[in-house]
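Comments concern the structure below.
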Amino acid sequence: MRSTRKCRMVLNPPNHRVFKPTGIPGHQLEVITLTIDEYEAIRLADYEGLDQLEASKRMGISRPTFTRLIEKARKNLASFIVESKALTIEGGNVHFKQDIAECTQCGTRIKVDFENRKTVCPECGSEAFISIAEQYGHGRCCRNRGGKSEQTPGCGRGRNK
Ligand SMILES: [Zn+2]
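Everything in the sequence shown is counted per our numbering, starting at 195 for the first residue and increasing by one.
Put into structure tokens, the structure is as follows:
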């Protein structure tokens, strides 16, 4: 393991990966990427309204690192809105604390713990779910972590970043 870079803790995966303006064909849109840790910074500071110190603790990073992260995130988000780009949320050195399970029968989504995955859909009773965290690359690098809150260097590198 060459790197000691720590995973950034993210509560759960975003609900949607891609956002785009209506009425413009996808191929005409420039795509901007918001990394998953940038998404979490926006969620904690701007959606939940936490101060930067508390938000940095939630993500397991230093306050200055959080400040750089949120500035980059806001810049990307502003560019998405002002310049009418498509936005994709992916990548980043992250570890999810919780997963979102999506029912393959009716599409209902529920938050689940990684350790305690057996789930029955409250809407249709199905037991077939897909993991949203896995779609964001979770599991390939965090397989043996067992949900401990301790950080493992190098886990959860995200996709092709
Ligand atoms: Zn269902």
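Heads up, the beta-carbon is just placed ideally off N, CA and C, and yes, glycines get one too.
What does the Cβ neighbour count give for residue i, buried or exposed, with the cut at 16 atoms within 10 Å?
i           : result
residue 230 : buried
residue 202 : buried
residue 145 : For the chain, the structure presents residues 195 to 355; residue 145 sits outside this window and is missing.
residue 249 : buried
residue 238 : buried
Is residue i near ligand 1, in the sense that its beta carbon is under 6 Å from a heavy atom of that ligand?
i           : result
residue 325 : no
residue 321 : no
residue 296 : no
residue 300 : yes
residue 317 : yes
In terms of residues, what are the limits of the beta strand (DSSP E) holding residue i?
i           : result
residue 293 : 293-297
residue 303 : 303-306
residue 280 : 280-283
What span of residues does the alpha helix (DSSP H) with residue i cover, start to end?
i           : result
residue 274 : 257-276
residue 322 : From DSSP, residue 322 is part of no alpha helix (DSSP H); its letter is neither H nor E.
residue 155 : No information on residue 155 is available, as it lies outside the stretch 195 to 355 that the chain covers here.
residue 327 : 326-329
Just tell me which of the options has its CA closest to the CA of residue i.
i           : options            : result
residue 311 : 296, 317, 253, 251 : 296
residue 278 : 218, 207, 205, 328 : 218
residue 225 : 275, 260, 239      : 275
Spatial neighbours of residue i within its chain, please: C-beta separation below 6 Å, excluding the five flanking residues on both sides.
i           : result
residue 212 : 282
With a threshold of 7 Å on Cβ separation, who are the neighbours of residue i within its own chain once the five nearest residues in sequence on each side are excluded?
i           : result
residue 323 : 295, 296, 297, 298, 313
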